[in-house]
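Structure record follows, encoded as structure tokens.
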Amino acid sequence: MKQILVIQSSARQNGSLSREYTANLVARLQAQHPEAKVVTRDLTAQALPHLDETLLNGWMKPVDQQTDAERAASERSNELVDELMASDVVVIGSPMYNFGITSTLKAWFDHVLRAGRTFKYTETGPVGLTPDRKVYVVTSRGGRHQGMPQDHQQPYITTALGFIGIQDVSFVHVEAQGLGEVEAGKGRAEAEKVLAGIAA
Ligand SMILES: Cc1cc2nc3c(=O)[nH]c(=O)nc-3n(C[C@H](O)[C@H](O)[C@H](O)COP(=O)(O)O)c2cc1C
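Structure follows, in structure tokens:
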């Protein structure tokens, strides 16, 4: 394995469960693959801009016809796509905010779901252009939402990754963290069991 890409999206640097469990998982993966380089993209420390007209225009033009601003915006997006493509394994730390992913992680998806690069449209529908690779998603949640209609996090992430060709996605949920000490402890124990299974 050459590269592990770690995406962090908690607004918190301190006390963040998604960061803690993501770090735990990455340590286990590194123990299995000491040769792998770990590249971290912290979407809180370095937030990505929302999509804007400059970037959307830049995506539609060949490089030699882009303005300087369109080229700069496209290059940022290209860098994110290249980083994803170069990584054998991706670990995403994803807190649930308001039943879905953080806006910072949504911005990352907006930059890497790129027609012509990570997927293409065909007469028979969209086709993913991203070679499949292992993605782990560590979610942290105040409540319990697995398999329930209000969970707009796991289905969204699964759909967005599947759309670009990535099917091999596993979730580690750290749930119930706002439900009191006993429930929070159970939520952590469940996550630790899943992590132990990954490392086995
Ligand atoms: C702005 C905000 C919105 C949240 N929305 C939800 C939610 O919709 N459902 C839920 O179960 N927990 C929600 N929580 C709780 C977080 O998911 C929980 O605190 C989680 O541990 C945050 O991730 P972190 O520890 O990595 O920062 C929310 C927390 C914040 C700060």
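Residue numbers (our numbering): 3 to 202.
We put the CB at the ideal spot given by N, CA and C, even for glycine.
Going by beta-carbon coordinates alone, are Ser20 and Ser142 separated by less than 8 Å? Yes, Cβ-Cβ distance for Ser20 and Ser142 is below 8 Å.
Secondary structure of Leu7, DSSP reduced to three states: Under the three-state reduction of DSSP output, Leu7 falls in the strand class.
Cβ-based neighbour list, Lys188, same chain, cut-off 8 Å, excluding 5 preceding and 5 following: Same-chain partners within the cutoff: Ala178.
For Gln5, verify whether its CB is less than 7 Å away from any heavy atom of ligand 1. Closer than 7 Å to some heavy atom of ligand 1: that does not describe the Cβ of Gln5.
Buried or exposed by the 16-neighbour rule on C-beta atoms within 10 Å, applied to Gly164: By the 16-neighbour rule on beta-carbons within 10 angstroms, Gly164 is exposed.
So does Met98 have its beta carbon nearer than 7 Å to some heavy atom of ligand 1? Flag set: Cβ of Met98 near ligand 1.
Taking only runs of the alpha helix (DSSP H) that begin and end inside the segment 35-64, which ones reach a length of at least 4 residues, in chain order? If we require 4 residues or more, the alpha helix (DSSP H) runs fully inside the segment 35-64 come out as 55-62.
What does the Cβ neighbour count give for Thr69, buried or exposed, with the cut at 16 atoms within 10 Å? Classification for Thr69: exposed.
Val92 versus Lys122, Val40, Gln34, residue with shortest Cα-Cα distance: The candidate whose alpha carbon is nearest that of Val92 is Val40.
Once you ignore the five residues that flank Glu72 on each side, which residues in its own chain have a CB closer than 6 Å to its CB? Excluding positions up to five away in sequence, the list reads Thr56, Asn59, Gly60.
Among Asn100, Val114, Asp44, nearest to Leu82 - alpha-carbon criterion: Out of Asn100, Val114, Asp44, the CA that lies nearest to the CA of Leu82 is found in Val114.
May I have the straight-line CA-CA distance separating Gln148 from Val184, to the nearest angstrom? Going from the Cα of Gln148 to the Cα of Val184 covers about 19 Å.
Check whether the segment 42-56 and the segment 106-120 touch, using three or more Cβ-Cβ pairs below 8 Å as the test. Of all C-beta pairs linking the segment 42-56 to the segment 106-120, three or more are shorter than 8 Å, placing the two stretches in contact.
Coarse secondary structure for Phe121, derived from DSSP in three states: Residue state, collapsed to three classes: strand.
Would you tell me roughly how many angstroms separate the C-alpha atoms of Thr126 and Gly167, rounded to the nearest one? Across the structure, Thr126 and Gly167 are spaced so that their CA atoms are roughly 15 Å apart.
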